[in-house]
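Participant: Chains as they are written, first to last, in this note's numbering: chain V, 1 to 510; chain S, 1001 to 1349. All residues carry an ideal CB built from backbone N, CA and C; glycine is no exception. Right, I'll just put the structure down here and ask away after.
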Ligand SMILES: Nc1ncnc2c1ncn2[C@@H]1O[C@H](COP(=O)(O)OP(=O)(O)OP(=O)(O)O)[C@@H](O)[C@H]1O
Ligand SMILES: [Mg+2]
């Protein structure tokens, strides 16, 4: 591929050191106009850090940033924005209570007679969203929007500022397959218009599809490059992790026992007060993995929340281990119900950002021995527990005393998984358990899920990734508009069949 | 759901307002006015008292709104107010020989400046020194009480205070002209400030940025807004408003300074801010409600109504405050990021 001589954005030997962590070490990269550079790397490899440096949020300890062939200093994101750099962050940076218009224009507000000219902003947003096919209602409030739309808002935010260089930090982690297709179409359009893009993801399939060049980071350094034309998924995985990764899950046949989770005719409403579950019935037996497949927004989230006690059921019954737990509290379900929950939104339900890794690892058992004796917390036991789990689950953290919020996204997820997988349970509810996790760790977490099953735990797996559902499940329940449309055995399931069911088409028995 | 609640409350408020207006007109112009209980509730003097009692609460609540909307919890309004009152008193007494208006305006200026300085102190404690914001607010209260009591010269006398200015034309409107349009200047200013803060908060560049800093500072940072600079500036502006509330007490309401003269108004302001859901007009409505309860207390005593024991009458304002706030806490929504230090590598501290 031929490039204009000068890269749009260039990092020259960037080093970034946090107290106790070298997050980037002499990293250099170039991205040209009209090109998509994919950045791969394990959790904690330093991808987000590097992007934050290129966006002016962090200051490099050493190294230079060049834009259009000139060295620049990025003191604040304002400098980066002025140079045409835009960023879609791994954790969305939107003000939940504000409208789409306010969020997009924030920091660059049009003014008329001294006051905000919202109409002008709205026109520009409409024009942009039309031009790039990013449909969104400018007047809706962010907190009412599903993640897929929120992401469109983030992209519009960058385009509104005339970004020429777009940094996309794991934009696909929270999207459904359909939304990912939409995003790729937008990226292709942007590419044709000569924008330079840096794209971060853990999904190797996506990289091979959309990237023009691939760069791999490990331990804060660039460890290699690859050409998407010739590279294979397992090559990339090996380059990222530094060893061979088995991309398929190895598991024996399930030996299911008695029913542990029995959901009968369950009904519940969503946050807007509309019916989200319209009579879900489902059984998960000890020693089997039941996968819930479905297009996002068909009631999966609500189903998990009702089972775990986070949302009220408006009808129906949930029995765990033969005991009615329909209106039990999350605490009762966790302890008396011996249930673990890997939540879909780790920031809302999975962890406390400002607590240390050690404290995050005992959030659901801090009041029990050996972590508490009488009324006192046993620091030594907590530390020992934390050291063990951090090692076992390969949570990359400078120490167990580091605040959970400063871990990389994937390592936060591993921390939550570590906690939920390390206590005696009869039921495991795993919602998007590998969201934002690198291939090496996915392999490990999948093995752990299978191991739980083989110990006799009943596992309910909810995932937006059909691949993950197919890889792990013994039976697959397809949810559509708040109902379980069908439950199929893994052996009988095909990608196409599930796709049809997820679209609401149920084959008539012939 | 929150919206439905808000719409419900504003409908109810509107209905009550219309009913109150009608009753006021009737009581003050017809023979209904001979009924002592109705006079207690609706006489012009009760309404005037309400407004006078509300002004410091309105200004205090606006102070709270400016600080908290930008993410800084301010329970020190009481202290800022007291400091402003004392400063206004000192300024007034030391310029007694100036022309009255000049001396009063000087007092206003000094109360603004000292309030602003208290705001700066709170911002420094909270941002630069990462002090817990509740503690920092408490420090301000203790500081203002201590210093003002220590420096207070009990023999000093402030000569003169702001008098009422009848707005030509408007003050001729029957009943309401007397209540709304023949007031001293700082009362007009406070009402005007409610409108100004509301418009600024929701329709100006400063306003969206302020709210973004209070809701999601990181998001504000990523679009190039200097979060901590906004927090400094707004906390100082808020301090100025609280200082002005103190100035009002000395220069317009009482005319003198007394130790601890703010008497909890800073805290009631805080309640008004919460009850008003961090909205300027909501806070004003709450402040008027609280002011009205004080007026009732006053009117009941004046009217010599003894069927209700005095102790209960004196409790009214506090009981209403507690009931109002406890009924609403949990339904109103404070700015999401308030009270949290924002750590960043970009921007100022
Ligand atoms: N603000 C911070 N303070 C201290 N350490 C940090 C901070 N941000 C990141 N780190 C550390 O820097 C390293 C790199 O983190 P980074 O977020 O860049 O990883 P990443 O490659 O984006 O990972 P992921 O795929 O999980 O998102 C990690 O070890 C992390 O703990
Ligand atoms: Mg990251």
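(1) What are the residues that DSSP puts in a beta bridge with residue 66/V?
(2) Anything in the segment 47 to 60 of chain V with a Cβ closer than 8 Å to a Cβ of chain S? List those residues in chain order, please.
(3) Looking at the unbroken beta strand (DSSP E) that takes in residue 480/V, where does it start and where does it end?
(4) Spatial neighbours of residue 358/V within its chain, please: C-beta separation below 8 Å, excluding the five flanking residues on both sides.
(5) Can you give me, in chain order, the residues of the segment 148 to 180 of chain V that have a beta carbon less than 9 Å from any beta carbon in chain S?
(6) Please state whether DSSP places residue 403/V in a helix, a strand or coil.
(7) Strictly by DSSP, which residues pair up with residue 1135/S?
(8) Do you know whose CA, among 355/V, 354/V, 368/V, 345/V, lies nearest residue 334/V's CA?
(9) Among 1242/S, 1248/S, 1080/S, whose alpha-carbon lies nearest the alpha-carbon of residue 1138/S?
(10) Looking at C-alpha atoms only, which residue of 61/V, 169/V, 114/V, 137/V is the closest neighbour of residue 91/V?
(11) On the three-state DSSP scale, how would you describe residue 465/V?
(12) Excluding five sequence neighbours on each side, which residues of the same chain lie with their C-beta closer than 6 Å to the C-beta of residue 116/V?
(13) Just tell me which of 1298/S, 1076/S, 1055/S, 1106/S has its CA closest to the CA of residue 1118/S.
(14) For residue 199/V, which three-state DSSP category applies?
(15) Is the number of C-beta pairs between the segment 203 to 223 of chain V and the segment 143 to 160 of chain V that are closer than 8 Å three or more?
(16) Tell me whether the beta-carbon of residue 1253/S lies closer than 9 Å to the beta-carbon of residue 1286/S.
(17) Counting C-beta neighbours from all protein chains within 10 Å, is the total for residue 248/V 16 or more, i.e. buried, or is it exposed?
(18) Grouping DSSP H, G and I as helix and E and B as strand, with all else coil, what is residue 18/V?
(19) For residue 162/V, which residues from the same chain have a beta carbon less than 8 Å from its beta carbon, with the 5 sequence-adjacent residues on both sides left out?
(20) Tell me which residue opens and which closes the beta strand (DSSP E) that residue 38/V is part of.
(21) Output needed in chain order: residues of the segment 76 to 108 of chain V with a Cβ under 9 Å from some Cβ in chain S.
(22) Should residue 47/V be counted as a contact of ligand 2 given a C-beta to heavy atom distance under 8 Å?
(23) Below 8 Å, is the gap between the Cβ of residue 402/V and the nearest heavy atom of ligand 1?
(24) Chain V beta carbons: is any one of them nearer than 9 Å to that of residue 1001/S?
(25) Which chain S residues sit within Cβ distance under 8 Å of residue 115/V?
(26) Expressed to the nearest angstrom, what Euclidean distance is found between the alpha-carbon atoms of residue 126/V and residue 185/V?
(27) Any beta carbon of chain S sitting closer than 9 Å to that of residue 1/V?
(28) Please find out if some non-hydrogen atom of ligand 1 comes closer than 8 Å to the beta-carbon of residue 1333/S.
(29) Would the beta-carbon of residue 399/V be found less than 8 Å away from any heavy atom of ligand 2?
(30) If residue 475/V sits next to residue 489/V, beta carbons under 8 Å apart, how far is it from one beta carbon to the other, in whole angstroms?
(31) For residue 26/V, which of helix, strand or coil comes out of DSSP?
(32) Kindly indicate which three-state DSSP category residue 485/V falls into: helix, strand or coil?
(33) Between the segment 1226 to 1243 of chain S and the segment 1033 to 1042 of chain S, do three or more beta carbon pairs fall short of 8 Å?
(34) Have a look at residue 1101/S and residue 1160/S and give me their C-alpha separation to the nearest angstrom.
(35) Which residues does DSSP list as the beta-bridge partners of residue 341/V?
(36) Would you say residue 1220/S faces chain B, with C-beta separation under 9 Å as the test?
Facilitator: Well, looking at it:
(1) In the first chain, the residue the question calls residue 66/V occupies position 66. 10/V, 71/V, per the DSSP bridge assignment.
(2) The residues in question are 55, 56, 57, 58, 59.
(3) Position 480 of the first chain, counted from the start, is the residue given in the question as residue 480/V. For residue 480/V, the uninterrupted beta strand (DSSP E) segment begins and ends at 475 to 480.
(4) Taking the first chain and counting its residues from 1, one reaches residue 358/V at position 358. 382, 383, 385, 386, 400, 401, listed in sequence order.
(5) Cβ contacts with chain S: 157, 161.
(6) One-based indexing of the first chain puts residue 403/V at position 403. The answer is strand: DSSP assigns residue 403/V an E or B state.
(7) Position 135 of the second chain, counted from the start, is the residue given in the question as residue 1135/S. Per the DSSP secondary-structure output, residue 1135/S pairs with nothing in a beta bridge.
(8) If you number the first chain from 1, residue 334/V lands on position 334. Here the closest residue by C-alpha is 368/V.
(9) The count along the second chain starts at 1 and reaches residue 1138/S at position 138. Ranking 1242/S, 1248/S, 1080/S by CA distance to the CA of residue 1138/S puts 1080/S first.
(10) Start at 1 with the first residue of the first chain, and residue 91/V comes out as number 91. Considering only alpha carbons, the answer is 169/V.
(11) In the first chain, residue 465/V corresponds to position 465, counting from 1. Coil, per DSSP.
(12) As a first step, residue 116/V must be located in the first chain, where it is residue number 116. Excluding sequence neighbours, residue 116/V sits near 109.
(13) Along the second chain, one-based indexing puts residue 1118/S at 118. Cα-wise, what sits closest to residue 1118/S is 1076/S.
(14) Numbered from 1 along the first chain, position 199 holds the residue referred to as residue 199/V. Three-state DSSP puts residue 199/V in a strand.
(15) No, the segment 203 to 223 of chain V does not touch the segment 143 to 160 of chain V.
(16) The residue you call residue 1253/S lines up with position 253 of the second chain. The residue you call residue 1286/S lines up with position 286 of the second chain. For residue 1253/S and residue 1286/S, no; Cβs fall outside 9 Å.
(17) The residue you call residue 248/V lines up with position 248 of the first chain. That one is exposed.
(18) One-based indexing of the first chain puts residue 18/V at position 18. In the three-state scheme derived from DSSP, where H, G and I count as helix and E and B as strand, residue 18/V is classed as strand.
(19) Residue 162/V sits at position 162 when you count from the first residue of the first chain. Hits under 8 Å: 84.
(20) Residue 38/V sits at position 38 when you count from the first residue of the first chain. Where residue 38/V is concerned, the enclosing beta strand (DSSP E) stretches over 36 to 41.
(21) Within the segment 76 to 108 of chain V, the qualifying residues are 76, 77, 78, 79, 80, 81, 82, 87, 89, 91, 92, 93, 94, 95, 96, 97, 98, 102, 103, 105, 106, 107, 108.
(22) On the first chain, position 47 is the one that residue 47/V refers to. Flag set: Cβ of residue 47/V near ligand 2.
(23) Locating residue 402/V in the first chain gives position 402, counting from the first residue. Taking 8 Å as the cut-off, the C-beta of residue 402/V counts as close to a heavy atom of ligand 1.
(24) For the purposes of this step, residue 1001/S is taken as residue 1 along the second chain, with counting starting at 1. Caution is warranted here: a pLDDT of 40 is assigned to residue 1001/S, below 50, making its placement in the model unreliable, and the coordinate value is therefore given only provisionally. It does: the Cβ of residue 1001/S has a partner Cβ on chain V nearer than 9 Å.
(25) The residue given as residue 115/V occupies position 115 in the first chain. Listed by position along chain S, the residues whose Cβ is nearer than 8 Å to that of residue 115/V are 1199, 1203, 1204.
(26) If you number the first chain from 1, residue 126/V lands on position 126. If you number the first chain from 1, residue 185/V lands on position 185. Those two C-alpha atoms are separated by around 18 Å.
(27) Here residue 1/V is taken as the residue at index 1 of the first chain, counted from 1. Any reading at residue 1/V must be qualified, since the residue scores a pLDDT of 48, below 50, and its modelled position is unreliable; no value is offered.
(28) What you label residue 1333/S is simply residue 333 of the second chain in a count that begins at 1. No.
(29) As a position in the first chain, residue 399/V is number 399, starting the count at 1. Outside the cutoff, so no.
(30) Along the first chain, read from residue 1 onward, the residue named residue 475/V stands at position 475. Along the first chain, read from residue 1 onward, the residue named residue 489/V stands at position 489. At roughly 6 Å, the Cβ-Cβ gap stays under 8 Å, so residue 475/V and residue 489/V are in contact.
(31) Here residue 26/V is taken as the residue at index 26 of the first chain, counted from 1. Residue state, collapsed to three classes: strand.
(32) Locating residue 485/V in the first chain gives position 485, where the first residue counts as 1. Under the three-state reduction of DSSP output, residue 485/V falls in the strand class.
(33) Output reads no: the segment 1033 to 1042 of chain S does not touch the segment 1226 to 1243 of chain S.
(34) By one-based count along the second chain, residue 1101/S stands at place 101. By one-based count along the second chain, residue 1160/S stands at place 160. Answer to the nearest angstrom: the Cα atoms are 9 Å apart.
(35) Here residue 341/V refers to the residue found at position 341 when the first chain is read from its first residue. 429/V.
(36) The chain inventory of the structure shown lacks chain B, comprising the protein chains V and S.
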